[in-house]
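Quick note: the sequence shown, position 68, residue 1260 per the working numbering, numbers continuous.
No residue lacks a Cβ here, since even glycine has one placed at the ideal position from N, Cα and C.
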Amino acid sequence: MNAAGRPEKLVVVGAGSWGTTFAKVLADSALERGVPEPEIVIWARRPEIAESITWEHRNEDYLPEIALPECLTATTDLAAAVSGAGLVVLAIPAQEVRKHLPAIRAHLGPAAVVLSLIKGLERGTDARMSELCAEELDLPAERFAVVSGPNLALEIARGEPTATVVASTDPAAAEWIATRTAGPYFRPYTNTDVTGVEICGVVKNVIALAVGICDGLGFGDNSKASVITRGLAETTRLAESLGGQAETLAGLAGLGDLVATCASPLSRNRTAGRYLGQGLSVEEATARLKQTAEGMKSVSAVVDLSRRHGVEMPISEAMNAVIAGSLDVDTLSGLLLSRDLKSEGRT
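Have a look at this one:
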């Protein structure tokens, strides 16, 4: 136990690229701080991945050629993983979260904090992960946090330096998590704008799809920069309508994550968009990715949320039409920036 009354067992639910990388971040931070025998557990859906992480210290399916700390273990038993944990990190696709929360709730400790790495909305409810956890886990806001920022998993797994944001309505909870993630290559900053950080993480994936389509269509950097900039504007409109703070949009979780996701060839969402721009169907692009591109999964929820709040989001609307099959990518050049002529300063 620590001063906050939380056990030092740290659990990551999800053994994909970002979940495994974040578990490595937790392990490396613990080792850097001199924690004796840190207990860091990954829940994996597939037994072969759990065994590889535990015994070979590898997850070749998602992080090829990356050596994992020996203190990391993995299991397919979600109850065993969550039991006795002080921190439970959610690193699974947004559309799979709800079905796992009852098992987590049954074994979640009374002081444990739930941390979301998920950058998506639940389709059908438009729920952010903070809202979903509050509903399904009966979790008070001060025991929920979210991490977002320029977090391309493979770069971080390689030990390349990055900064990120840990947001919680409870500054002490955010600081507790920041202490357990800080290390030589991972620098967390804290804030209290959970809504803003979540919305930034969701919408940037949709904008990255649009940038990827521009890439696949052969458009140049002017086009992509224009989409990124106007994408940030529509993200800001939605975040502020929900109570997010403008400062968040200008920071690591907003502009920082948007630039990384739209510019990097490691970005799944930009890659998915590039496949679409090259003429692949949504199904073909998904099959080639072999991982979830949250922008394709969440865009309908983003658009539904924006319409309910009266927020104009033309790029997101166009991406939703593409994913739904009602708009051909070849017609996008006139639609991605199709707003009435007005001053740039007017939203």
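Inset, instruction - Quick one: measure Cβ to Cβ for G1465 and A1417, integer angstroms, because I've assumed they're closer than 8 Å. - result: Actually they are not in contact, since the Cβ atoms of G1465 and A1417 sit about 15 Å apart, beyond 8 Å.
Inset, instruction - Could you tell me the boundaries of the alpha helix (DSSP H) in which V1227 lies? - result: It is not in any alpha helix (DSSP H) - V1227 carries neither H nor E in the DSSP assignment.
Legend entry - Which of helix, strand or coil DSSP assigns to V1503: coil
Inset, instruction - With a threshold of 16 other CB atoms inside 10 Å of the CB of G1197, please say whether the residue is buried or exposed. - result: exposed
Inset, instruction - Measuring alpha carbon to alpha carbon, tell me which of G1226, R1225, L1264 ends up nearest F1236. - result: First, the amino acid is wrong: residue 1236 is Ala here, not Phe. Residue L1264 is the option with its Cα nearest to A1236.
Legend entry - Sequence-distant residues of the same chain with beta carbon closer than 7 Å to A1400, five excluded per side: T1453, C1454, S1459, N1461, R1462, G1465, G1487
Inset, instruction - Look at the alpha carbon of R1315 and the alpha carbon of P1199, and state the distance between them as a whole number of angstroms. - result: 34 Å
Legend entry - Local conformation of N1383 per DSSP, three classes: strand
Legend entry - Inter-residue spacing [alpha-carbon to alpha-carbon] between T1268 and V1233: 10 Å
Legend entry - Nearest-angstrom beta carbon gap, V1395 and V1494 [assumed within contact, 8 Å]: 6 Å
Inset, instruction - With a threshold of 16 other CB atoms inside 10 Å of the CB of S1473, please say whether the residue is buried or exposed. - result: exposed
Legend entry - First and last residue of the uninterrupted beta strand (DSSP E) at L1282: 1279-1282
Legend entry - Per-residue DSSP class, three states only, for L1524: helix
Inset, instruction - Would you check if the distance between the CB atom of V1306 and the CB atom of F1336 is smaller than 7 Å? - result: yes
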